[in-house]
Amino acid sequence: MILLPTLASAAEHQPLAKLWSDEAHFEVQPEAIGTPSDHMHFLSMFWDADPVDTPGEPHFKAYYIGGPGFSTRLARSTDGVNFADAGTVLGIGAAGAWDDRIASFSSVWKDADTYYLVYEGAGQDTAWPGDIALATSSDGVNFTKQGRILTHRAGTYEKANIGTPSLHKEGDTWYLYYHGFDGTDVQIGLATGSDLATDMTRVQATPIIPTSAADWDSGTAGKRSRLIKEGDYYYMAYEGSTDQPFDRASWSTGIARSLDLLHWEKLPQNPVIPATGGGFGYDGPEMLYVGDDLYIYYRTGANQTARAKLVWDAVPEPSGLCLLTVGGTAVLAFRRRRRS
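Heads up, the sequence shown is in my numbering, so the first residue is 180 and it goes up one at a time.
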């Protein structure tokens with residue numbers, strides 16, 4: 180069965196806004212996600228309605244970290260649960276190349292007849308600790324590397340490395356979100372431009388989504404999902420952690436929203452899925468619709484891939500009843516009980 184995304188109707192109801200009013204929450208689902216041989220971590224996933232690689236067979240494309248080394252692989256699915264692996268689509272560079280250790284944590288955006296893939300690259304040589312590069316393809320499978328498009332900067336919040344890029348396009352403008360790491364905290368930055376290969380400029384010298392002072396994301400505000408537009412707001416899911424050491428920190432995923440793609444408001448109730456007691460997990464989120472249902476896909480603490488579904492809470496029972504008279508008409512008023 181093919182589950183077609185119905186983005187228009189979902190956006191009309193604006194279910195993500197219900198998170199701010201405590202009328203919805205994400206509920207962990209029981210399905211095991213992945214291919215028969217791989218768990219597919221750190222997804223970049225979208226519905227390809229008119230695929231070039233499988234003409235007439237629309238499907239979800241999921242790009243993820245896989246071998247050899249930290250390369251980028253592709254898997255396809257029609258239901259968002261069961262995937263067929265399509266192999267490596269972007270490999271690490273040859274020995275001595277700036278990306279001979281990592282060419283992954285990719286994000287893919289299809290625009291007209293071209294698939295644009297941005298990825299985090301890093302080398303075995305410590306001179307190449309992590310930068311962002313571009314690759315393009317006409318079929319979503321065979322990608323050609325176009326070189327680095329954004330490099331980390333000394334003396335800033337991204338002085339150690341940058342990576343985990345995510346793409347969005349609005350009109351003729353590309354939005355490239357990424358993490359910057361200064362050796363202590365991981366925080367989210369943004370570059371924009373009209374041409375991914377030649378015209379990307381940072382919007383400011385500081386993070387657009389910083390870590391918190393002492394909350395669930397005090398050490399990391401990092402890898403994020405693609406954006407979803409509902410009403411006037413854009414929404415993203417992003418991973419967070421407490422302070423270092425990261426392999427013993429508590430990790431989870433939260434939600435943020437924005438009216439202008441630059442200024443972001445974190446959900447006060449974050450995180451929205453479980454958190455690890457210590458160690459990686461519940462991280463690397465991707466958020467998208469499968470049919471009418473909205474899911475966050477993530478890596479679990481057990482190193483599996485799972486998803487959580489946005490569900491609306493039942494209407495709260497009335498509390499604090501009182502009888503009012505309005506214009507000669509008796510009206511029963513009550514205060515709604517918020518979900519605990």
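Every residue gets a Cβ at the ideal spot worked out from N, C-alpha and C, and that includes glycine.
For Ile281 and Ile271, the rounded distance between their alpha carbons: 6 Å
If you drop the 5 nearest sequence neighbours on each side, which residues of the same chain put their C-beta closer than 8 Å to that of Leu446? Leu198, Trp199, Gly433, Ile434, Ala435 and Arg436
Report the option in Gly245, Ile341, Phe262 and Gln325 whose CA atom is closest to the CA atom of His331. Ile341
Does the pairing of the segment 437-457 with the segment 368-387 give three or more beta-carbon distances under 8 Å? yes
Using only the alpha-carbon positions, how far apart do Pro497 and Lys402 sit? Confidence at Pro497 is low in this model, with a pLDDT of 49, below 50, so its placement is unreliable and the value that follows should be read with caution. Each residue's alpha carbon lies about 40 Å from the other.
Within its chain, find whatever has a CB closer than 6 Å to the CB of Asn449; leave out the 5 residues flanking it on each side and keep chain order. Gly433
Can you list, in chain order, the residues of its chain with a C-beta nearer than 6 Å to that of Val231? Leave out the 5 residues immediately preceding and following it. Asp318
Give the straight-line distance between the Cα atoms of Pro215 and Phe262, rounded to the nearest whole angstrom. 8 Å
In the DSSP assignment, what residue or residues form a beta bridge with Ser223? Tyr242
On the criterion of 16 or more Cβ atoms from any shown chain inside 10 Å, does Trp226 qualify as buried, or is it exposed? buried
For Gly456, count neighbouring C-beta atoms within 10 Å of its own C-beta (all shown protein chains included) and say buried if the count is 16 or more, exposed if not. exposed
From Gln423 to Arg478, what distance separates their C-alpha atoms? 19 Å
If I'm right that Thr315 touches Thr323 with Cβ under 8 Å, what's the distance once you round it to whole angstroms? 6 Å
Pick from Arg381, Ser391, Tyr295 and Gly368 that is closest to Ser223, judged by C-alpha positions: Tyr295
Just to confirm the assignment: which complete beta strand (DSSP E) runs, minimum length 3, are found wholly within the segment 396-460? 399-403, 407-409, 412-420, 430-437 and 443-445
Does the Cβ of Trp491 have 16 or more other Cβ atoms within 10 Å, making it buried, or fewer, making it exposed? exposed
Excluding sequence positions up to five away, which residues of its chain have a Cβ less than 7 Å from the Cβ of Asp472? Lys488
Tell me, to the nearest whole angstrom, how far the beta carbon of Asp290 is from that of Gly300; I am working on the premise that it is less than 8 Å. Actually they do not touch by this definition, with Cβ atoms about 22 Å apart.
Using 10 angstroms around the beta-carbon of Leu329, count the other beta-carbons present and answer buried if the total reaches 16, otherwise exposed. buried
Compute the beta-carbon to beta-carbon distance between Thr371 and Tyr354, rounded to the nearest angstrom, for a pair I have assumed lies under 8 Å. 6 Å
Quickly, what does DSSP pair Asp364 with across the bridge? List them, please. Note: Asp364 sits in no beta bridge, so no partner.
Keeping to the same chain, check which residues put their C-beta closer than 8 Å to that of Pro194; ignore five residues upstream and five downstream. Ala203, Glu409, Leu473, Leu489 and Trp491
Please determine, among Phe425, Gly419 and Gly326, the residue with the shortest C-alpha to C-alpha distance to Ser431. Gly419
Closest by CA to Gly480, which one among Asp426, Asp439 and Leu467? Asp426
Report the three-state DSSP secondary structure of Pro520 (helix, strand or coil). This structure does not reach residue 520, given that the chain is present from 180 up to 519, and the question cannot be answered.
Tell whether a beta-carbon distance below 7 Å holds between Gly398 and Thr377. no
I need the boundaries of the beta strand (DSSP E) containing Ile475, first residue and last residue. Asp472 to Arg478
Buried or exposed: where does Asp394 fall if 16 or more other Cβ atoms within 10 Å of its Cβ makes it buried? exposed
By DSSP, does Gly248 sit in helix, in strand, or in coil? coil
Coarse secondary structure for Ala339, derived from DSSP in three states: coil
Kindly give me the distance between the Cβ atoms of Phe239 and Gly259, rounded to whole angstroms, as I take these residues to be in contact under 8 Å. 6 Å
Distance between Asp361 and Pro308 (C-alpha atoms, nearest Å): 12 Å
Cβ shell of Thr233 (< 8 Å), same chain only, five flanking positions each side left out: Arg255
Use the C-beta contact count for Ser373: other C-beta atoms within 10 angstroms, 16 or more gives buried, fewer gives exposed. exposed
Taking the alpha-carbon positions, what's the Arg252 to Ser429 distance? 28 Å
Which of helix, strand or coil does DSSP assign to His347? strand
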